[in-house]
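FYI, in mature numbering (1 follows the signal peptide of the UniProt record, and there is no 0) the residues of the sequence shown are -24 to -1, 1 to 1038.
Quick reminder that beta carbons are idealized off the backbone N, C-alpha and C, glycines included.
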Amino acid sequence: MKYVCDETVFKLSFILLLIQYANAARPHIVFILADDLGWNDVSFHGSSQILTPNIDALAYSGLILNNYYVLPICTPSRSALMTGKYPIHTGMQHGVLYGAEPRGLPLSETLLPQYFKELGYATHIVGKWHLGSYKKEYTPTFRGFDSHLGFWTGHQDYNDHTAMEKGMWGLDMRRNMDVAWDLHGDYSTDIFSKESERIIANHNKSNPLFLYIAHAAMHSGNPYNPLAAPDSIVAKLESITDYNRRKFAGMLTKLDESVGRVVQALQANNMLKDSIIVFSTDNGGPASGFNLNAASNWPLRGVKNTLWEGGVRGAAFLWSPLIKDKQRVALQKMHVTDWLPTLYSAAGGNLNQMENIDGYDLWEALSTNGESPRNEILHNIDEHFGVSALTVGKWKILDGTTYNGTWDHWYGPSGRNGFYNATEVLTSTAGKALSKIKVSTNSSVITHLRKTADVDCGAQKKLVPCKPLEAPCLFDTETDPCERTNLADKHPDMLQNLTERLEEWKSTAIPPGNVPIDQRGNPKHFGYTWTNFGDYLDYSILKARPHIVFILADDLGWNDVSFHGSSQILTPNIDALAYSGLILNNYYVMPLCTPSRSALMTGKHPIHTGMQHGVIYGAEPRGLPLSETLLPQYLKELGYATHIVGKWHLGSYKKEYTPTFRGFDSHLGFWTGRHDYNDHTATENRMWGLDMRRNMDVAWDLHGNYSTDIFSSESERIIANHNRSNPLFLYIAHAAVHSGNVYNPLPVPDRIVAKLESIPDYKRRRFAGMLTKLDESVGRVVRALQAKNMLKDSIIVFSTDNGGPASGFNLNAASNWPLRGIKNTLWEGGVRGAALLWSPLIKAKQRVAFQKMHVTDWLPTLYSAAGGDLNRIEGIDGYDLWDALSTNGESPRNEILHNIDEDFGVSALTVGKWKILHGSTYNGTWDNWYGPSGRNGFYNATKVLTSPAGKAISKIKVSTNSAVIAHLRKVADVDCGAQKNSFPCKPLEAPCLFDLETDPCERTNLATDHPDTLRKLAARLQEWKETAIPPNNLPLDQKANPKNWGHTWTNFGDYLDYYVAS
């Protein structure tokens, strides 16, 4: 038996060695596809106007493909490359794919990277796809590629990476399926160069690599900046007099630089000697302003999207040390469909497994300078445009034309009057890399090849007009590649033969797959991002999912909302929701910003995420652990669009900790704990800088606008632009009513403060003004939901993040009356939160809800309300209270851990009606009761009913009335009674015990009266302590100081290498 096993192991080992040897023998393949590059734009074809030394270095030391053809436009050409089939056989022959068009390259087709994966290749695409993205299965990583960094649609702006199509606009930059927000502002060509270098550098050389680099260049960008080139490059090209052509030259210079970087990377990783490199355009160049571009196909006729030679004859080369007869101009007839079988053959693949393709294997013919197996090229048949063209041998028939013949001419520039420096080719980045593996060329070879590769039609060529809209034209492309002499009348038999052959091809064509634009694909419905919208249209359950708007106030006290009984500051919009929904009177938060927000986002007590102590500072190199799945990420799985407006405060020292990397589609707001409401700067730990972001970008343009208004407007915009057929999660985390910077701690418009003179305390008056603006914001959001017809299908939560900073704490003027303590204490005034839940979906509404609830419960509660499967969520501390709240059932929660902060030496726990509190912050300085009470004013219920929120609610018939308001307001008020006996609590000396049902104001310490209960709660608190992980607070990093970053708070951790270098 042992010998049998040994023999089996030997055979398996031998097979594995054979596989490894086979993989090692396969060449690396790098296919660089330029977009909209003209025949005359590469300098190896004879022009000296724009020098392309890196591209030329490869061309002269490999094969210049002078008889090579592509399709006339992007999508058809790329489909032919990927399938090896003419577009008439895949339905891709007409026009291009649009981002909102519900189609793609048919899934029945096996694509080039899929074939190569069968041979053991690692396959990567960098750049443009343009073969369908309306469902994820049409996107690159579902079509055979291991990774993709790039864009899905046909073009993009080179800096902001947005694409404008059919009156739609949105971001189009992806890292696999994820939106690459972080790349905003980086130049596209540089992004693709850098990613290509990364892939090559990290590649295991023992396995073959297929790298498809599909550049955006030279395609024009959006109309507002069609020819985007760095100014530093353009400034060096002043010899080009035409400004558009000069900008084009700048773009091409960056593309050429990219080719050099890729070749250099291959050489650095010792892969160049085992590589095949293809460089090709996808179609002819858009010359003379076509598509706002400035390419040149001179001296060929026509432009992109025409079937003249200028539209279909492609600038290309093939380079490899594996080529036997190199450093020549290859005249073998070749078509873009041939790359699949040619490269597959070069990789050692068995071509017998490829059936029904139109491409030919030219590897042997190209390598040895043998005869091409291809004699015929179908340029295209587009019945919609009424155009077709075919070349057989030297003869070409062209029938019909696009654009009614407007672009049927010859377009320059020629560029033949400049000086060409061969030394620049040899000393280019690519040239140097080639010389290191001893396959470079020399000046005399360059001069010879450049002359041979140039197309010269001669001014003496007789012009015999071709009018393809009237009759087919015939050209001899060997003697007349510039299509000046129509020979249809002179060779009628040949014209007839080609006409018949064209008809044969027509008989094999399938109808074009084009379909109408689907407005549901508009990026505005998906956070202004082009997306795989088809994956979100078939879910009928999406319409059943409620929209969720979570409004989080900052530092709002229990007694600051007027639905709790105070009449000093009126909050009619907030109250309108509270009285027609649920007032959550037994609801708890954490005592401070960061811990509370972490609990909300994770559904976990902060002791289980390391977030229990203090707040995160902008210069602190930490964040909410990336191992945690956050609320927006869970909701995205249910098809939600997710947006955050306002404050984050969960870490920003690296981009992956910021909102758009944690599940949110967009963010307009700030990263730190507070900022000035007008200049949007934040002062922390003697550091000062701007903190207002639009996703990852600094929102300089918002300077001077009041923060609450900014967040209101952005919330209204998101709601107004939202596609109602998909559910929305909008998290509005206000700055209000947190104090601002010390120089203006309570910022509020003077006109608001002037209306509040009845409040005698000036600081409280200013606080009231801030709160009035917050209440106004709530009304605007509710009104926006109603205007969009979303209110009836919405859940709205309003909550504070912690208790209020009263009586001057943090330079603020909140009120938690009659509760004890303030923000950052574990007294009820620090952790009992003002909150409401509103929705037409609530069955038992218009009541004060006494179900015990904690901020950690929102994640499972809202996920449940949205129809999510809670079995998906593991390891959280929160409970699902949706059914209990909706039906007024019993809460599943009996216990609330208020916090355990060993650094402060404080902890508190409530079990049932009993609360234990141990230790105190600030040495007990803020352990008292702080007003104002505000109970001596008049409360006008009519203002509630006629507020913007009240009016909006009335329109969907879920509003309340004055009698209900009076009743609920009385029930929601906490009255501890002046007669309550006071037994002092000294938590710094010993734990205290309170009965919160009879003593919510924590006046009577019952520790002595109920020692057994105290002992049980202390034991339970100890159990919780044993589950805690240490706080993850870290010292401040002075390198994060905004003064080092243009006085802007930034994700400094992503730039520390740069910082050190500088």
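- The alpha helix (DSSP H) runs lying completely inside the stretch 180 to 240 and spanning 4 residues or more are 207 to 210, given in chain order.
- Sequence-distant Cβ neighbours of isoleucine 216 in its own chain, meaning closer than 8 Å and more than five residues away, are Gln25, Ile26, Arg222 and Ala225.
- By the Cβ test, the stretch 922 to 941 is in contact with the stretch 552 to 571, since at least three Cβ pairs between them sit closer than 8 Å.
- Taking aspartate 877 as the centre and dropping the five residues before and after it, the same chain places the C-beta of Gln588 and His589 closer than 6 Å to its C-beta, in chain order.
- By the C-beta criterion, the stretch 718 to 732 is judged not to be in contact with the stretch 763 to 778, since fewer than 3 inter-stretch pairs fall below 8 Å.
- Scanning Trp1000, Ala1004, Tyr62 and Asn765 for the CA closest to the CA of threonine 484 turns up Tyr62.
- Residue ranges of uninterrupted beta strand (DSSP E) with 3 or more members are absent from the stretch 742 to 774; none lies entirely inside it.
- Under the 8 Å Cβ criterion, the stretch 663 to 674 does not count as touching the stretch 596 to 612, having fewer than three qualifying pairs.
- If you look at tyrosine 74, you'll find it isn't in any alpha helix (DSSP H); DSSP assigns it neither H nor E.
- Histidine 894 carries a strand assignment under DSSP once its states are collapsed to helix, strand and coil.
- Beyond the five residues adjoining it in sequence on each side, glycine 369 comes within less than 7 Å, by CB distance, of Asn351 in the same chain, given in chain order.
- Aspartate 879 sits in coil when the DSSP states are folded into three classes, being neither helix nor strand.
- Fewer than three Cβ pairs drawn from the stretch 658 to 672 and the stretch 523 to 534 lie within less than 8 Å of each other, which leaves the two stretches out of contact.
- Counting other Cβ atoms within 10 Å of its Cβ, tyrosine 719 stays below 16 and is therefore classed as exposed.
- Per DSSP, reduced to three states, the secondary structure at glycine 1029 is helical.
- Taking C-beta atoms as the reference points, alanine 190 and leucine 231 fail to come closer than 8 Å.
- Residues of the same chain with a CB within less than 6 Å of the CB of glycine 895, apart from the 5 flanking positions on each side, are Gly881, Val882 and Pro963 in chain order.
- Here the alpha carbon of threonine 475 sits roughly 15 Å from the alpha carbon of lysine 466.
- Around the beta-carbon of asparagine 246, fewer than 16 other beta-carbon atoms lie within 10 Å, marking it exposed.
- Per DSSP, the beta bridge partners of isoleucine 559 are Leu812 and Val824.
- Proline 794 places its beta carbon less than 8 Å from that of cysteine 977.
- For aspartate 531, the secondary structure class from DSSP, reduced to helix, strand or coil, is coil.
- Note that the stretch 409 to 423 touches the stretch 238 to 254; at least 3 beta-carbon pairs, one per stretch, sit closer than 8 Å.
- Runs of beta strand (DSSP E) with 3 or more residues, each lying fully within the stretch 387 to 439, are absent.
- Pairing leucine 107 with glycine 80 gives a Cβ-Cβ distance under 8 Å.
- The DSSP-derived three-state label of phenylalanine 7 is strand.
- The residues Thr634, Trp647 and Asn1027, in chain order, have a CB closer than 6 Å to that of serine 628 in the same chain once the five nearest residues on each side in sequence are set aside.
- For the 8 Å CB-CB criterion, alanine 994 and asparagine 561 do not form a contact.
- Glutamine 827 and glutamate 871 have their alpha carbons spaced roughly 11 Å apart.
- If you draw a straight line from the Cα of glycine 388 to the Cα of threonine 1024, it comes to about 48 Å.
- Below 8 Å, too few C-beta pairs join the stretch 85 to 99 and the stretch 36 to 53 to call them touching: fewer than three.
- Fewer than three beta-carbon pairs drawn from the stretch 506 to 514 and the stretch 88 to 97 are found closer than 8 Å, and the two stretches are therefore not classed as touching.
- Contact between leucine 478 and isoleucine 373 is confirmed by a C-beta separation of about 6 Å, below the 8 Å threshold.
- Annotation for serine 343: no beta strand (DSSP E) segment contains it, though the alpha helix (DSSP H) segment containing it runs 339 to 344.
- Looking only at Val950, Leu997 and Leu990, the smallest Cα-Cα distance to aspartate 975 is reached by Val950.
- Look at methionine 144 here: in three-state DSSP terms it is strand.
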